[in-house]
Amino acid sequence: MVAVKICGLNDEDSVEAAVLGGAQMAGFVFFPKSPRAVTPERAADLIRRVPASVLTVGLFVDPDDETLARTLDATRLDLIQLHGEETPERTADIRHALGLPVMKAIAVETSADLERAEAYLDRVDRLLFDARPPVGAPLPGGNARPFDWGLLKGRDWPLPWMLAGGLSLDNLAQAVRESGARAVDVSSGVEDAPGRKNPEKIRAFLARAATLEP
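For the sequence shown, position 45 matches number 45 in the numbering used here, and the numbering has no gaps at all.
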């Protein structure tokens, strides 16, 4: 099976669909510009519905120390996802200060973008490869935009990694086959509109992932 993170959860029904459907990770967005954003307090309410067997992931975009501290004071997070322009040094500082595992998102358009990941290998616990957003896009992710999955095929990363970017029920099998991904991250692909998750789409995506092998 392919592991799944459902990102951008912001209501009880979608959290329940993710948990009961077998998601390995539940993602919550702490980036105010995102239509999927939740406050730390709202996230805390939702995370109470997530069992310890499911990792809770907090997505941040170039966060300052105060934002991280305020969020972690309010809620339980198992993994920090950094989805901005955080440098390897800043990423390592956050990981050390919080004492939590960190996953760094790498924006990909060409094979040259993958080389950027090398600088993070000894500073993070996981990598996430997402499509580079269009020029001028307000969001670094969740843009329903895929990239050439074949760029990842056959690469031997020393850390666990996830595939993101424009994934949906319709293209999941192809994405896994072409990239070799053992874990995927989906957000817009299980929505009716930006920020509006569809529990049925979540369940269907998870059911399909459970049948796949990279």
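Every residue gets a Cβ at the ideal spot worked out from N, C-alpha and C, and that includes glycine.
Note that the structure is a prediction, hence the values are computed from the model and not measured.
Buried or exposed for residue 5, going by 16 or more other Cβ atoms inside 10 Å? buried
What are the boundary residues of the beta strand (DSSP E) that includes residue 102? Where residue 102 is concerned, the enclosing beta strand (DSSP E) starts and stops at 102-108.
Can you tell me whether DSSP reads residue 215 as helix, strand or coil? Lying outside 1 to 214, the shown extent of the chain, residue 215 is not represented and no answer is given.
Span separating the alpha-carbon of residue 164 from that of residue 99: 25 Å
Residues in the same chain with beta-carbon distance under 7 Å from residue 14, minus the five sequence neighbours each way, listed in chain order, please. Result list for residue 14: 197, 199, 202, in chain order.
Beta-ladder partner(s) of residue 129, from DSSP: 106, 163
According to DSSP, is residue 55 part of a helix, a strand, or is it coil? strand
Integer-rounded CB distance, given that residue 124 should sit under 8 Å from residue 91: 6 Å between Cβ atoms; contact.
Residue 213 in three-state terms, based on DSSP: Here residue 213 sits in coil by DSSP.
DSSP state of residue 169, grouped into three classes? If DSSP states are grouped into helix, strand and coil, residue 169 belongs with coil.
Report the residue from 204, 55, 130, 74 whose alpha carbon sits nearest the alpha carbon of residue 80. Looking at 204, 55, 130, 74, the one whose alpha-carbon comes closest to that of residue 80 is 55.
Within the same chain, show all residues whose beta-carbon is closer than 6 Å to that of residue 111, passing over the 5 residues directly before and after it, in chain order. 151
Going by the CB atoms, is the gap between residue 3 and residue 9 shorter than 8 Å? no
If you follow the beta strand (DSSP E) that residue 191 is in, where does it begin and where does it stop? 191-193
Given the structure, does residue 42 come close to the ligand HEM, in the sense that its CB is under 7 Å from one of the ligand's heavy atoms? Absent from the structure shown: the ligand HEM. Ligands present: none.
Given residue 117 as reference, the closest of 178, 146, 162 once Cα atoms are compared: The shortest CA-to-CA distance from residue 117 to any of 178, 146, 162 is the one to 162.
Closest to residue 159 by CA distance: which of 66, 107, 30, 103 is it? The option with the nearest alpha carbon to residue 159 is 103.
Do residue 30 and residue 71 have their C-beta atoms closer together than 8 Å? yes
Distance check for residue 212 and residue 130, CA to CA, integer angstroms please. 20 Å
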